[in-house]
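Residue numbers (the working numbering): 19 to 382.
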Ligand SMILES: *Cc1c(COP(=O)(O)O)cnc(C)c1O
């Protein structure tokens, strides 16, 4: 932000731990919300900062409140813009339109690719052109364009995407005040190329006089947060020589991305093994399959080789648990939710949230 004048927002859907918003707001320009409730949270817990909202489709009855707390609203389609744009602008908000640059740069996780065929996210150029020819004043309702197509990616993929954005939508950029590059920029990862990100930002600033926004979620709390769990039982070795371990933490309830994405989270004193071919890499010693206490057969966190033999009641510590975990927990099977502590210095942790039976009961 200091080098380029860009503004960085926290995407709250990834990390809504508002106990840390005072710290985050010292560095970032504000928040990005996926709907009314996140927008309220940003408004209440990061007061005085920018409050942006995007939704694939807004509810009519949310609009009055959104207009009273947000300063930027991004619509997903020309129809949404035609429906809400004028009124929203009269309330003093800046409006944006999400575009689909039709440029896939990630191939591992199709459910995280808004440029995949059939995507409902963002307007494609051909559709926008048709709408503009029908309603030539449509774009006078728009202050900025927004794209979000990256997921855990480096700035080379941003550069590729930006090229596609300029090629397709360049003719409209001159009429805009800002452009939002969305999230998925892994800017805090060691190998992230910040210089190239800065060149991308400066290019849009200089060529099109645009204010640039980015709204990363993951990168704001990457590799932060531990989830502490206890081993409840260790089963005898199966025919593969693997012992199942039941812990008091569930993939399905406490870290659903482990199943959805899927991925195997880092675990202290252990290395993750892939479920096929692991026998070649591990010498078979201290190999455990860690699973949760729910009814779901697939409630498995992963296969790991440990540097020691595990014991019942031992604590296991999962790492990189701050992002996309607290915001996605559920109480399926009546599972308790773990308390949340904030560690402000290396050895002082303070209890921030305690959960109990009432949190399960009130949600069913
Ligand atoms: C998910 C999302 C983000 C944040 O993405 P990260 O991968 O967590 O950086 C930002 N903007 C929009 C519109 C999103 O959907």
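Quick reminder that beta carbons are idealized off the backbone N, C-alpha and C, glycines included.
- Burial of residue 167 is indicated by the presence of at least 16 other C-beta atoms within 10 angstroms of its C-beta.
- Sequence-distant Cβ neighbours of residue 118 in its own chain, meaning closer than 7 Å and more than five residues away, are 132, 133, 137, 139, 140, 141, 142.
- The closest CA to that of residue 89, considering only 48, 99, 96, is found on 48.
- Residues of the same chain with a CB within less than 7 Å of the CB of residue 332, apart from the 5 flanking positions on each side, are 249 in chain order.
- At least one heavy atom of ligand 1 falls within 7 Å of the beta-carbon of residue 31.
- Shown here for residue 192: same chain residues with a beta carbon closer than 7 Å to its own, the five before and five after excluded, namely 226 in chain order.
- In the three-state DSSP reduction, residue 74 falls in the coil class, being neither helix nor strand.
- In terms of Cβ geometry, residue 255 and residue 310 do not form a close pair [threshold 8 Å].
- When distances are taken from the beta-carbon of residue 70 to the heavy atoms of ligand 1, even the shortest one reaches 7 Å or more.
- Just so you know, the alpha carbons of residue 375 and residue 358 end up roughly 16 Å apart.
- Taking C-beta separations shorter than 7 Å and ignoring five residues to either side along the sequence, the partners of residue 27 in its chain run 46, 47, 48, 49, 50, 68, 70, 231, 233, following chain order.
- When secondary structure is reduced to three states using DSSP, residue 378 falls in the helix class.
- According to the DSSP assignment, residue 368 belongs to no alpha helix (DSSP H) but to the beta strand (DSSP E) extending over 366-371.
- The C-beta distance from residue 162 to residue 195 rounds to 6 Å, short enough to meet the 8 Å contact threshold.
- Annotation: the continuous alpha helix (DSSP H) that includes residue 182 extends over 173-191.
- Excluding five sequence positions before and after residue 218, the CB atoms of its chain that fall closer than 7 Å to its own CB belong to 173, 176, 177, 180, given in chain order.
- Contact between the stretch 74-88 and the stretch 257-273 is absent, with fewer than three C-beta pairs closer than 8 Å.
- Distances between the C-beta of residue 236 and the heavy atoms of ligand 1 include at least one below 7 Å.
- For residue 150, the enclosing alpha helix (DSSP H) stretches over residues 143-152.
- Residue 335: member of the beta strand (DSSP E) spanning 333-336, first to last residue.
- Secondary structure note for residue 290: its beta strand (DSSP E) is the uninterrupted segment 288-291.
- Taking one beta carbon from each stretch, the stretch 237-253 and the stretch 318-336 have 3 or more pairs nearer than 8 Å; the two touch.
- Counting only the Cα atoms, residue 169 lies some 11 Å from residue 122.
- The C-beta distance from residue 355 to residue 377 rounds to 6 Å, short enough to fall under 8 Å.
- Secondary structure note for residue 318: its beta strand (DSSP E) is the uninterrupted segment 318-324.
- The alpha-carbon of residue 259 is positioned some 9 Å away from that of residue 304.
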